[in-house]
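What follows is one structure encoded as structure tokens, with my remarks underneath.
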Amino acid sequence: MDEFESIIPPSGLDDVLGSAARTRVARLLVELPDKEFTGREVARLLGMSHSTVLSALRVLTDRGLISERVLGRAHVFRVNRGYFLYNTLAVLFRSERRQGRDVADLIRSFLGAGSTSVILFGSRARKTARRSSDIDLLVVSKNVHDTEEALSRLRAEVRRRFGLELDAKVLTAEQLRSKLGAPFVRAALAEGLLIEGVPLEKVRETGT
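Below you can see the structure in the form of structure tokens.
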């Protein structure tokens, strides 16, 4: 144990990001460090109640992450870049933002070479997912067996790196065209996001 650890015990993140409301407010201000916000602006941008935002801002200001000043009749808030956890939080929130891109890159690395199409659908494609929601994929492949083996390894890696579950449907192009009425195929066609390969509409029309 560091002999100076007792000066500032290792609970800084708990103390600052101790609630979902404080985390959301901190994320907004850390990601826009040059901008000042009123409490009402923060509430509007985050879709939160004004009273909840003010409570979060009071705590964050008290902890030192946020600075406050009076501008006319308004109180405005800005992140304090000199705060000892500012850089840590900036990196953390940037990593958060990259999660979706990192997952997509991981999927491509496992499935891209052997797949005709890799489509994300379901709640994550609709942007209505909870943190624990599965990642739903529809994969069109010429070699279902090899793709299933790649998916087995991919599922383990997604679980290890992101703590998420992957639910994938694997079909050949011919099987896809015979299952156009299946709910998961309809959903993939209607709302799907292309991660890799040929758009699903083209596979449906041409079978390739």
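Numbered according to my numbering, the sequence shown spans residues -18 to 189.
Built from N, CA and C at the ideal position, the CB exists for glycine as well.
I believe residue i touches residue j by the beta-carbon criterion, under 8 Å. Please report the beta-carbon distance rounded to the nearest angstrom.
{"i": "R105", "j": "S114", "result": "6 Å"}
{"i": "V121", "j": "V184", "result": "5 Å"}
{"i": "G103", "j": "D86", "result": "At roughly 19 Å, the Cβ-Cβ gap does not stay under 8 Å, so G103 and D86 are not in contact."}
{"i": "V(-3)", "j": "L35", "result": "The Cβ separation is near 17 Å, so there is no contact."}
DSSP beta-bridge partners for residue i?
{"i": "T19", "result": "V57"}
{"i": "I193", "result": "Absent from the structure is residue 193, since the part of the chain shown begins at -18 and ends at 189."}
{"i": "L52", "result": "A55"}
{"i": "S122", "result": "S96"}
Distance check for residue j and residue i, CA to CA, integer angstroms please.
{"i": "F18", "j": "R3", "result": "15 Å"}
{"i": "V60", "j": "R82", "result": "26 Å"}
{"i": "G53", "j": "I47", "result": "19 Å"}
{"i": "R8", "j": "F74", "result": "7 Å"}
{"i": "S98", "j": "R136", "result": "18 Å"}
{"i": "L(-6)", "j": "S30", "result": "24 Å"}
{"i": "R111", "j": "A169", "result": "19 Å"}
{"i": "A55", "j": "V151", "result": "57 Å"}
{"i": "A94", "j": "Q156", "result": "20 Å"}
{"i": "R89", "j": "K160", "result": "24 Å"}
{"i": "N124", "j": "T153", "result": "7 Å"}
{"i": "E49", "j": "E182", "result": "53 Å"}
{"i": "L27", "j": "T33", "result": "11 Å"}
{"i": "G173", "j": "A149", "result": "13 Å"}
{"i": "Y64", "j": "G45", "result": "6 Å"}
{"i": "R107", "j": "I100", "result": "13 Å"}
{"i": "R142", "j": "E177", "result": "21 Å"}
Quick check on residue i: buried or exposed, where buried means 16 or more other Cβ atoms within 10 Å of its Cβ?
{"i": "G213", "result": "Because the chain spans -18 through 189 in this model, residue 213 falls outside it and cannot be assessed."}
{"i": "F91", "result": "buried"}
{"i": "T187", "result": "exposed"}
{"i": "D15", "result": "exposed"}
{"i": "V51", "result": "exposed"}
{"i": "V72", "result": "exposed"}
{"i": "T109", "result": "exposed"}
{"i": "A24", "result": "buried"}
{"i": "L132", "result": "buried"}
{"i": "A171", "result": "exposed"}
{"i": "A37", "result": "buried"}
{"i": "L175", "result": "exposed"}
What residue range is occupied by the uninterrupted beta strand (DSSP E) comprising residue i?
{"i": "V99", "result": "96 to 102"}
{"i": "G178", "result": "174 to 178"}
{"i": "L87", "result": "Per DSSP, L87 belongs to no beta strand (DSSP E); it is in the alpha helix (DSSP H), 67 to 92."}
{"i": "L46", "result": "L46 -> no beta strand (DSSP E), and no H or E assigned at all."}
Could you check where the alpha helix (DSSP H) with residue i kicks off and where it finishes?
{"i": "L157", "result": "154 to 159"}
{"i": "R8", "result": "1 to 12"}
{"i": "K183", "result": "181 to 187"}
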